[in-house]
Amino acid sequence: MVRVDLDKGWTRPRIAEEVNGVVATFDATARTWTVDVAATGRRRAEMREARKKRGVPFKKWWTEERKKVEAKENMSSAVTDMWRTSMQLSPGFGAELKAFWKLADDFTF
Numbered sequence: 147m148v149r150v151d152l153d154k155g156w157t158r159p160r161i162a163e164e165v166n167g168v169v170a171t172f173d174a175t176a177r178t179w180t181v182d183v184a185a186t187g188r189r190r191a192e193m194r195e196a197r198k199k200r201g202v203p204f205k206k207w208w209t210e211e212r213k214k215v216e217a218k219e220n221m222s223s224a225v226t227d228m229w230r231t232s233m234q235l236s237p238g239f240g241a242e243l244k245a246f247w248k249l250a251d252d253f254t255f
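Counted the way my numbering counts, the sequence shown spans residues 147 to 255.
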């Protein structure tokens with residue numbers, strides 16, 4: 147699928163490799179891409195290992211992020227404005243947001 151996207155110009159080689167882990171070469175004569183399946187497998191394995199090393203268990207991430215959300219810490223004004231207006235315009239969204247972060251019922255941004 148990534149090869150098709152490359153052939154159609156819908157994605158760039160850098161994105162194919164860095165995001166999708168696809169190693170491909172371009173044949174200028176045929177104007178098509180060829181995916182190196184073995185190299186792609188190795189690249190994706192490397193990417194998985196790198197993600198495992200920098201990954202954080204969800205519960206730990208959530209706990210740390212919840213403290214920041216509750217304290218409104220290190221949040222850009224664009225984000226807090228978006229959340230505040232979204233909560234005002236959609237009480238259902240506000241309830242979901244508060245439930246997800248386990249915030250007080252009267253919490254606002």
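Virtual Cβ for every residue (Gly too), placed ideally from N, Cα, C. Fair warning: this is a prediction, and the values are worked out from it, not measured in the lab.
Member of the options whose CA lies at the smallest distance from the CA of residue i
| i | options | result |
| --- | --- | --- |
| threonine 180 | Arg188, Ala241 and Val169 | Val169 |
| arginine 255 | Ala217, Lys248 and Ala245 | Sequence check: residue 255 is phenylalanine here, not arginine. Residue Ala217 is the option with its Cα nearest to phenylalanine 255. |
| glycine 325 | Lys248, Phe253, Glu163 and Asp252 | Nothing can be reported for residue 325: it is not among the residues displayed for the chain, which extend from 147 to 255. |
Rounded separation between residue i and residue j - CA only
| i | j | result |
| --- | --- | --- |
| valine 183 | valine 165 | 16 Å |
| lysine 214 | glycine 167 | 33 Å |
| serine 91 | alanine 250 | Lying before the first or after the last residue shown, residue 91 is absent from the chain, which here runs from 147 to 255. |
| threonine 171 | glutamine 234 | 51 Å |
Extent of the continuous beta strand (DSSP E) to which residue i belongs
| i | result |
| --- | --- |
| alanine 170 | 170-173 |
| valine 215 | Counting along the chain, valine 215 falls outside any beta strand (DSSP E), though it belongs to the alpha helix (DSSP H) covering 204-217. |
| threonine 186 | Per DSSP, threonine 186 belongs to no beta strand (DSSP E); it is in the alpha helix (DSSP H), 183-200. |
Element boundaries [alpha helix (DSSP H), containing residue i]
| i | result |
| --- | --- |
| valine 150 | 148-154 |
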